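*Asks:*
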């Protein structure tokens with residue numbers, strides 16, 4: 008019978024990659040071989056620290072001992088709701104990430120108070136920045152700020168960031184490499200602000216608008232006006248009507264369209280109306296409908312038959328997505 012000792016290094020590394028960071032460090036004490044494997048740079052490419060309330064001293068140790076140049080993506084929590092004595096993310100730590108982790112491309116911050124962290128302290132190597140339930144300074148994303156900050160940033164995710172508003176949306180034009188924008192629960196963004204912002208972000212190729220106060224019709228109208236090269240659209244169907252969906256007809260570059268429920272209204276387009284609009288999109292290859300209550304019904308058959316060149320996905324909304332509508 009095979010034991011752990013019989014497994015090749017590549018298999019053990021794959022197993023270790025599923026372990027939380029604390030357990031990875033603990034197993035390094037088992038034997039010399041496991042210590043060597045835990046030191047392997049492949050194991051530290053992607054690190055998730057959101058499971059822990061981590062003291063700054065421990066974080067600095069991880070940064071120096073294990074992550075450094077190995078790190079490609081990092082998820083961290085900031086303990087925004089843990090009280091004034093909880094450890095916070097500091098400008099010094101952000102600058103150290105930039106200096107010691109030259110390969111860091113993706114940074115995901117959760118429940119963090121960044122109001123005292125200048126955006127200039129973030130690693131300049133980032134291609135993806137995700138902010139989930141974070142507080143940011145009002146000056147973070149204003150257009151007047153330094154245009155050389157985050158020169159490689161291609162994707163920004165703003166999920167329940169209360170300070171984000173219309174002027175910040177227009178300020179995203181500073182990031183000339185930006186091609187992907189996700190807005191989740193950004194209730195301060197207005198329909199007028201979205202229209203003005205997208206006018207200046209005409210180079211976006213992916214836009215997701217989830218759980219916001221904006222109606223789907225107004226969002227699609229702004230997209231059709233300004234994002235003629237958009238390839239992927241994902242949005243909740245609040246306020247969506249057949250005429251609203253029809254503004255996407257003829258979109259030349261659209262490859263993927265995802266509509267998310269569960270707010271169904273009498274104005275919601277029928278499967279036949281969705282099919283009619285999609286048939287005019289020459290490059291559409293993925294149509295996804297989630298949480299609309301159509302899974303296992305006639306809708307999927309109608310859409311699959313009418314769009315043989317598309318991957319049609321009709322399913323219930325995943326649990327992890329339900330908070331967009333809470």
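In my numbering, the protein residues as written are 8 to 333.
Quick reminder that beta carbons are idealized off the backbone N, C-alpha and C, glycines included.
Predicted model only: the values in this text are computed from it and were never measured.
1) Starting from the N-terminal side, write out each stretch of the alpha helix (DSSP H) that is 4 residues or longer and does not extend beyond the region 213–300.
2) Would you mind stating whether residue 125 and residue 158 have Cβ atoms separated by less than 8 Å?
3) From residue 198 to residue 239, what does the alpha carbon distance come to, in whole angstroms?
4) Closest to residue 68 by CA distance: which of 32, 36, 41 and 42 is it?
5) Look up residue 178 in the DSSP assignment and say whether it is helix, strand or coil.
6) With a threshold of 6 Å on Cβ separation, who are the neighbours of residue 320 within its own chain once the five nearest residues in sequence on each side are excluded?
7) Can you name the start and end residues of the beta strand (DSSP E) that residue 97 belongs to?
8) Are the region 106–116 and the region 142–156 touching by the rule of at least three beta carbon pairs closer than 8 Å?
9) Using the beta-carbon count (16 or more within 10 Å), is residue 181 buried or exposed?
10) Within 10 Å of its beta-carbon, does residue 326 have 16 or more other beta-carbons around it, so buried, or fewer, so exposed?
11) Could you tell me the alpha carbon to alpha carbon distance between residue 184 and residue 133, rounded to whole angstroms?
12) If you run the structure through DSSP and keep just helix, strand and coil, what is residue 137?
13) Report the start-end ranges of each beta strand (DSSP E) in the region 62–86 that is 3 residues or longer and not cut off at the edges.
14) According to DSSP, which residues form a beta bridge with residue 111?
15) Does the beta-carbon distance from residue 287 to residue 267 come in below 8 Å?
16) Could you check where the beta strand (DSSP E) with residue 53 kicks off and where it finishes?
17) For residue 193 and residue 310, I'd like the C-alpha separation in whole angstroms.
18) Does DSSP put residue 187 in a helix, a strand or coil?
19) Going by DSSP, what residue range makes up the beta strand (DSSP E) through residue 308?
20) I'd like to know whether the C-beta atoms of residue 49 and residue 70 end up nearer to each other than 8 Å.
21) Let me confirm a value: residue 276 is counted as buried when at least 16 other C-beta atoms fall within 10 Å, else exposed. Which label applies?
22) Please go through the same chain and pick out, in chain order, the residues whose beta-carbon is closer than 6 Å to the beta-carbon of residue 189, but skip the five residues on each side of it.
23) Can you say whether residue 171 is buried or exposed, counting buried as having 16 or more other CB atoms within 10 angstroms of its CB?
24) On the three-state DSSP scale, how would you describe residue 47?
25) How far does the alpha helix (DSSP H) with residue 203 in it extend, from its first residue to its last?
26) With distances taken between CB atoms, is the gap from residue 136 to residue 179 smaller than 8 Å?
27) With a 10 Å radius around its C-beta and 16 neighbouring C-beta atoms as the bar for buried, classify residue 306 as buried or exposed.
28) Is the beta carbon of residue 289 sitting closer than 8 Å to the one on residue 250?
29) Output the boundary residues of the alpha helix (DSSP H) element that contains residue 22.
30) Quick check: what's the CA-CA separation for residue 332 versus residue 15?
31) Following the continuous alpha helix (DSSP H) through residue 28, name the residue where it begins and the one where it ends.
32) Quick one: grab the DSSP three-state call for residue 166.
33) Starting from residue 318 and walking both ways along the beta strand (DSSP E), at which residues does that stretch end?
34) Assuming contact is defined by CB atoms lying nearer than 8 Å, are residue 176 and residue 191 in contact in what I supplied?
*Replies:* Considering the structure as presented:
1) 223–233, 249–253 and 278–285
2) Reading the chain shown from its first residue, position 118 is the one you call residue 125. Reading the chain shown from its first residue, position 151 is the one you call residue 158. In this structure, residue 158 does not lie closer than 8 Å to residue 125 by Cβ.
3) Numbered from 1 along the chain shown, position 191 holds the residue referred to as residue 198. Numbered from 1 along the chain shown, position 232 holds the residue referred to as residue 239. Approximately 20 Å between the Cα atoms of the pair.
4) Mapped onto the chain shown, residue 68 falls at position 61. Among 32, 36, 41 and 42, the Cα nearest to that of residue 68 is on 32.
5) Your numbering for residue 178 matches position 171 in the chain shown. Looking at residue 178 - three-state DSSP - the assignment turns out to be helix.
6) The count along the chain shown starts at 1 and reaches residue 320 at position 313. Closer than 6 Å at the Cβ level, and outside the excluded window around residue 320, lie 295.
7) Taking the first residue of the chain shown as 1, we reach residue 97 at position 90. Residue 97 -> no beta strand (DSSP E), and no H or E assigned at all.
8) no
9) Translated into the one-based positions of the chain shown, residue 181 becomes position 174. Classification of residue 181: buried, given that the 10 Å Cβ count is 16 or more.
10) Stepping through the chain shown from its first residue, residue 326 is reached at position 319. Here residue 326 scores only 48 on pLDDT, less than 50, and its place in the model is too uncertain to base an answer on.
11) The residue labelled residue 184 in the question sits at position 177 within the chain shown. The residue labelled residue 133 in the question sits at position 126 within the chain shown. If you take the alpha carbons of residue 184 and residue 133, they lie about 11 Å apart.
12) Counted from its first residue, the chain shown places residue 137 at position 130. DSSP places residue 137 in strand when its eight states are reduced to three.
13) 80–84
14) Taking the chain shown and counting its residues from 1, the one referred to as residue 111 is at position 104. Beta-bridge pairing links residue 111 to no other residue.
15) For the purposes of this step, residue 287 is taken as residue 280 along the chain shown, with counting starting at 1. For the purposes of this step, residue 267 is taken as residue 260 along the chain shown, with counting starting at 1. No, Cβ-Cβ distance for residue 287 and residue 267 is not below 8 Å.
16) By 1-based counting over the chain shown, the position of residue 53 is 46. Looking at the DSSP string, the run of the beta strand (DSSP E) that includes residue 53 is 53–55.
17) Along the chain shown, one-based indexing puts residue 193 at 186. Along the chain shown, one-based indexing puts residue 310 at 303. Roughly 32 Å between the two C-alpha positions.
18) Sequence index remark: in the chain shown, residue 187 carries index 180 (1-based). If DSSP states are grouped into helix, strand and coil, residue 187 belongs with the strands.
19) Position 301 of the chain shown, counting from 1, holds the residue named residue 308. No beta strand (DSSP E) holds residue 308; the alpha helix (DSSP H) holding it covers 305–313.
20) Reading the chain shown from its first residue, position 42 is the one you call residue 49. Reading the chain shown from its first residue, position 63 is the one you call residue 70. Against a cut-off of 8 Å, the Cβ pair of residue 70 and residue 49 comes out as no contact.
21) In the chain shown, counting from the first residue as 1, residue 276 sits at position 269. Buried, by the Cβ-count rule.
22) Translated into positions along the chain shown, residue 189 becomes position 182. Closer than 6 Å at the Cβ level, and outside the excluded window around residue 189, lie 164 and 215.
23) As a first step, residue 171 is located in the chain shown; it is residue number 164 there, counting from the start. Its Cβ being crowded by 16 or more others within 10 Å, residue 171 is buried.
24) By 1-based counting over the chain shown, the position of residue 47 is 40. It is coil, neither helix nor strand.
25) Along the chain shown, one-based indexing puts residue 203 at 196. That run of the alpha helix (DSSP H) goes 198–207.
26) Position 129 of the chain shown, counted from the first residue, corresponds to residue 136. Position 172 of the chain shown, counted from the first residue, corresponds to residue 179. No, they are not a contact pair.
27) In the chain shown, the residue the question calls residue 306 occupies position 299. So residue 306 counts as buried.
28) Reading the chain shown from its first residue, position 282 is the one you call residue 289. Reading the chain shown from its first residue, position 243 is the one you call residue 250. Cβ atoms of residue 289 and residue 250: not closer than 8 Å.
29) Position 15 of the chain shown, counted from the start, is the residue given in the question as residue 22. Here the alpha helix (DSSP H) through residue 22 covers 16–23.
30) Taking the chain shown and counting its residues from 1, the one referred to as residue 332 is at position 325. Taking the chain shown and counting its residues from 1, the one referred to as residue 15 is at position 8. Bear in mind that a pLDDT of 35 at residue 332, under 50, signals an unreliable position, so the number given afterwards is only what the model happens to contain. In a straight line, the C-alpha of residue 332 is about 46 Å away from that of residue 15.
31) Mapped onto the chain shown, residue 28 falls at position 21. Note, residue 28: alpha helix (DSSP H), 28–34.
32) Residue mapping note: residue 166 aligns to position 159 of the chain shown, counting from 1. In this structure, residue 166 counts as strand in the three-state DSSP scheme.
33) Along the chain shown, one-based indexing puts residue 318 at 311. That run of the beta strand (DSSP E) goes 318–322.
34) By 1-based counting over the chain shown, the position of residue 176 is 169. By 1-based counting over the chain shown, the position of residue 191 is 184. For residue 176 and residue 191, no; Cβs fall outside 8 Å.
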